[in-house]
Amino acid sequence: MSISWNRVMPNGTLEGGINQEGINFYNNLINELLKNGIEPFVTIMHFDYLLALQQKLGGFLNHSIVTNFKDFSELLFKTYGDRVKHWTTINEGEVTTIFHYMHNIDNMFVEACPTKGSYVPYSSNPEHVAAAKRLTDFYWGWVLDPIFHGDYPQIMRKLVGNRLPKFTKKDKKMLNGSTNFIGINYYTSHFARYESNRTKVFGDNFDALAMSEVSNIEGKTLGYINQYGLNFVYPEGLYDFLLYINKNYQNPKIYITVNGIASFKTPNPLKDEHRVAYIASHINATKVAIDARVNVRGFFAWATFDTFEFQAGYSRNWGLYHVDFNYSLKGIPTDAANWYSKYLTDEFSYLN
């Protein structure tokens, strides 16, 4: 779950006042979760943009917003910290920013990794192999290197140049070791192709001189795509991703904070066998990574309920519970929800 900055602090600052109704809403929600044996993992900011701070400061382009975020975070810790023991700061920092204000997001202690998955070279051509490494640095390194290594990746410094902000000594000291875990949101992986013509490159890959592709030079894809699904199913990419994070970022604690697949135009949204197969294959990939000594501490299927997506509205179903948005708004368990519940119950019984 997440907590809306707008709902708790409508003006974005402590001086602007606290909305007690918003505070009460989350108090009641957290208490109800605990009452039903559900331990809350709370994200402090999940795609939450404050109009008041945008108008006052220019939003996340202004470094002073770090102080406002700190005040908001401390209010949440003080109010809910007696019951909430697991916190994530920023959801999908890379998706939130796409090169607009990641420097200030980093200074707000990002704990959630980008969503791109692993990159596979378009072919064995050294230019494509190097392109895969660059995209890795431009997505994962962009977020994680400042926290674990004190600065952005060298290739970013080289290709972006003076447009890439510099960290002060104070910033570096504050960022160093500031994360307790890394949250991974994984859907699928992509091929990486070298592209020298920047006019052809999508905006967030502009400086990387590389493009992500769904098929390689031979026209082959990573995994398969179900007729009702939207992503290629490639659990091997999650395994590769976990090993990469483990090797390059000091064997951190890792949570799979998002893993799921959308569906659309299904004749019966409650019959989602493709979602069962998808989640099961990625849990198995995670198990293999754990056997390889990757420090994975938890796995969250996305999403509990059908939800609103920025790029697709309500046209795609992500939920283990299908929501009737046209009439009752009731959540109905799908086949995947029933399978997941049984799977977790059986696993818990086995482990204990």
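Be aware that the sequence shown starts at 15, since it is given in the numbering used here, and climbs by one per residue. We put the CB at the ideal spot given by N, CA and C, even for glycine.
8 Å Cβ cutoff met for residue i and residue j
i	j	result
L252	T300	yes
N273	F313	yes
Y133	A146	yes
N199	T271	yes
L256	V290	no
I297	I196	no
L223	Y208	yes
D349	E250	no
A315	Y354	yes
I169	V98	no
G51	Y63	no
R212	S277	no
K279	Y238	no
G345	V337	yes
K261	R311	no
Y40	Y94	yes
DSSP state of residue i mapped onto helix, strand, coil
i	result
E227	strand
G72	coil
N260	helix
R311	strand
M170	helix
F205	strand
F292	Checking the sequence, you will find Tyr at residue 292 rather than Phe. Looking at Y292 - three-state DSSP - the assignment turns out to be helix.
P347	strand
F55	strand
N331	strand
S210	coil
I104	strand
T321	coil
I270	strand
Y357	helix
Residue i versus residue j: straight-line alpha-carbon distance, rounded
i	j	result
I32	E227	46 Å
T103	P140	37 Å
H163	E323	33 Å
A351	I293	11 Å
N190	M23	29 Å
Q69	M225	35 Å
S18	S87	11 Å
A144	S342	52 Å
R248	H204	The question names Arg, but residue 248 in the sequence shown is Tyr. Taking the straight line joining both Cα atoms gives about 9 Å.
F83	L75	13 Å
L334	L236	25 Å
S61	N105	The sequence given here places Phe at residue 61; Ser does not occur at that position. Answer to the nearest angstrom: the Cα atoms are 7 Å apart.
Q325	Y136	27 Å
V174	S210	15 Å
L47	L28	27 Å
A306	F246	25 Å
R171	L71	27 Å
V302	W156	27 Å
D360	L89	38 Å
E35	R21	8 Å
P54	D96	12 Å
N118	H77	The pLDDT assigned to N118 is 46, lower than 50, so where the model puts this residue is not dependable, and the model offers no usable value.
Counted within 10 angstroms of its Cβ, other Cβ atoms place residue i as buried (16 or more) or exposed
i	result
R177	exposed
P160	buried
P281	exposed
L67	buried
G131	buried
T57	buried
L158	buried
F219	Note that residue 219 corresponds to Asn in the displayed sequence, not to Phe. Buried, because 16 or more other Cβ atoms sit within 10 Å of the Cβ of N219.
G26	buried
Within-8 Å CB hit, residue i to chain C
i	result
L189	Among the chains of the structure shown, chain C does not appear; only one protein chain is present.
Check: residue i C-beta below 7 Å from any heavy atom of the ligand COA
i	result
Q69	Absent from the structure shown: the ligand COA. Ligands present: none.
I'd like the ranges of any alpha helix (DSSP H) spanning at least 4 consecutive residues and lying wholly in the region 136-185.
The region 136-185 contains these whole alpha helix (DSSP H) runs: 140-150, 156-163, 168-174.
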